[in-house]
Structures are given as structure tokens and as C-alpha cells.
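Heads up, the sequence shown stops at 220 in the numbering used here, and the numbers go up one at a time, no gaps. Inspection log for the structure reproduced underneath, given as C-alpha cells.
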Amino acid sequence: MTARDRILRRLRSAGVEALPPPVLPAAFRVGGALPGEAPVDALRRNLEGAQAVVVDARAGDWRAELARICAARGVRSLLLPPGFALAPWPEGPALRRFDRPIEEFKTSLFEDTDAGLTVAGCAIADTGTLVHADPAGQPRTLSLVPPIHFCLLDPRRLHGSLADAIAAEGWAAPMPSNLVFVSGPSKTADIQQTLAYGAHGPKELYVLLAEAPAGPGE
3 MTARDRILRR LRSAGVEALP PPVLPAAFRV GGALPGEAPV DALRRNLEGA QAVVVDARAG
63 DWRAELARIC AARGVRSLLL PPGFALAPWP EGPALRRFDR PIEEFKTSLF EDTDAGLTVA
123 GCAIADTGTL VHADPAGQPR TLSLVPPIHF CLLDPRRLHG SLADAIAAEG WAAPMPSNLV
183 FVSGPSKTAD IQQTLAYGAH GPKELYVLLA EAPAGPGE
């Protein structure tokens, strides 16, 4: 028996203690919204403060807004979630789906994919954060690799704070295997503690607000 086998056997035989959910002090529940500010306005302000672009398409067609931005930004290829239904449009980008192992198209993903499209499971207003909690339906690579990240968000899935999101989404029963939090395009402050955007991963983030946006399989 190897050392790895012995470690795994001890882990499997150990009892699992059920812990009660944490009770957050009131200080941790103070949101980042301004007094009297609507949650969607707080989300927009915080996202735009992090160099994202928020497009309110609730009164129109988010597909038309997506087509407009793709044309303006010269997007030639758009990667979609598995099973996501989106019809191509004239002179639009080539549409592909993330429906196979990444090893089979890694080179194309990193070299030939201009943008990725995701659908946020929910969002947090007081930090301007998009949340993806379904790694199978929304592969995290979609929001981490392509230079441009488009994200559809139904404002009705907007929560005031992280604590509100944890409670409303039921993440404690059970906890998702993977959570991706997106609060703007990629950024780093590794060099001389100077904040720089677009150093790695998506250089641009466009958030399309649309009630009940079309999702996988629609």
C-alpha cells in the first residue's frame, strides 16, 4: 500500500461532523449600495467601477445588443455554453459550443476564440459580482480564457450581498462543487502594486441585463 493509499483510507474512515451554518455578525452584512439605491443600480455602478460595460436590454432584445457589440469589437468567433441555443446572424461571428473536452480544442480556444458567452446563475449588487455556480452548464473556462466575456444576467436573480446570495441560492445544501465570481475584466496588481486591467484572461466584460434570457436548450 502506498502512502497515498494510506492517507486516502484514513480520510475515508474518518467521521464527518455536521457543522451548523455560520451566523454572520451584522457588520459583515452592511452592503455596498448607497442609501436608497436600487440593487440593479448598485450592481451597475460597481461593475462599471471595475471597467465592465453594462447594457440594459430588458426593454429590447439582448441578441440585437450582442450583435451590435460583436460588430463593433470585431468578434469573429463566439464560444457558447453546452446546449445553448443561439441562432447565427448575417455577418455575425462563427458560433461554437463548449460541448467537448477542452483537450480536443485547446489550441483553438486560446488562439482563435475572440469571445465567450455565459449566463450568470445570479449576481451580488453590493460588490458588482456575477456568479456562475454550474460548472457543467457554464464551464469556467468560458469566462476565464477568451479576450472578451459576454454575460447574460436576469436582474431578478440579483441579491444584495454575498450572505443574501448564500441563503437564497441554498448553497449550503449542498455546496456547489465550483463557484466562479466575476467582478470585471481580468486585473492584477502584481507589478509594483499597480492595478492593471487585461493582463491575462478577458480584457473586456459586457453584462447584458435581460429578464429570463434564453439559456441552454431554449
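Think of the CB as a built atom: it goes at the ideal place given N, C-alpha and C, for glycine as much as any other residue. Keep in mind that this is a model prediction, so the values were computed, not measured.
Counted within 10 angstroms of its Cβ, other Cβ atoms place residue i as buried (16 or more) or exposed
| i | result |
| --- | --- |
| I9 | exposed |
| E113 | exposed |
| N180 | exposed |
| R12 | exposed |
| S110 | exposed |
| L49 | buried |
| A247 | Residue numbering for the chain in the displayed model covers 3 to 220; residue 247 lies beyond these limits and cannot be assessed. |
| P83 | buried |
| S15 | exposed |
| H134 | buried |
| G130 | buried |
| W104 | Reading off the sequence, residue 104 comes out as Ile, not Trp. Per the 10 Å Cβ criterion, exposed. |
| P90 | exposed |
| P92 | exposed |
| Q194 | exposed |
| T115 | buried |
| P141 | buried |
Pair within 8 Å by beta-carbon distance, residue i and residue j
| i | j | result |
| --- | --- | --- |
| K189 | L197 | yes |
| L88 | L144 | no |
| I150 | A117 | yes |
| E67 | V57 | yes |
| L36 | A127 | no |
| C72 | G38 | no |
| G162 | P41 | yes |
| V184 | L132 | yes |
7 Å Cβ shell around residue i - same chain, five flanking residues per side excluded
| i | result |
| --- | --- |
| G186 | L49, A52, Q53, A54, L207 |
| W64 | L154, L210, A212, P215 |
| L97 | L80, L82, L88, P90 |
| P148 | L81, T115, D116, A117, G118, P204 |
| E220 | Here E220 scores only 44 on pLDDT, less than 50, and its place in the model should not be relied on; the value that follows carries that caveat. Same-chain partners within the cutoff: A87. |
| L146 | G203 |
Beta-carbon proximity list for residue i, same chain, < 8 Å, skipping 5 on both sides
| i | result |
| --- | --- |
| R159 | A122, G123, C124, A125 |
| P178 | A135, D136, P137 |
Residues sharing a beta bridge with residue i, DSSP
| i | result |
| --- | --- |
| T131 | I126 |
| L80 | L97, A117 |
| H161 | I126 |
| T190 | A198 |
| D58 | L211 |
| L68 | Per DSSP, none; premise fails for L68. |
| V182 | H134 |
| E206 | I150 |
| L155 | L211 |
Residues near residue i by beta carbon distance below 6 Å, same chain, minus five either side
| i | result |
| --- | --- |
| A29 | Its pLDDT being 47, under 50, A29 is placed unreliably in this model, and the value from its coordinates should be taken loosely. If we look at A29 and ignore the five residues flanking it on each side, it has no Cβ neighbours. |
| F107 | none |
| D101 | P84 |
| L164 | I126 |
For this session: Answer yes if the region 118-131 comes into contact with the region 147-158, meaning at least three C-beta pairs across the two stretches below 8 Å, and no otherwise.
Result: yes
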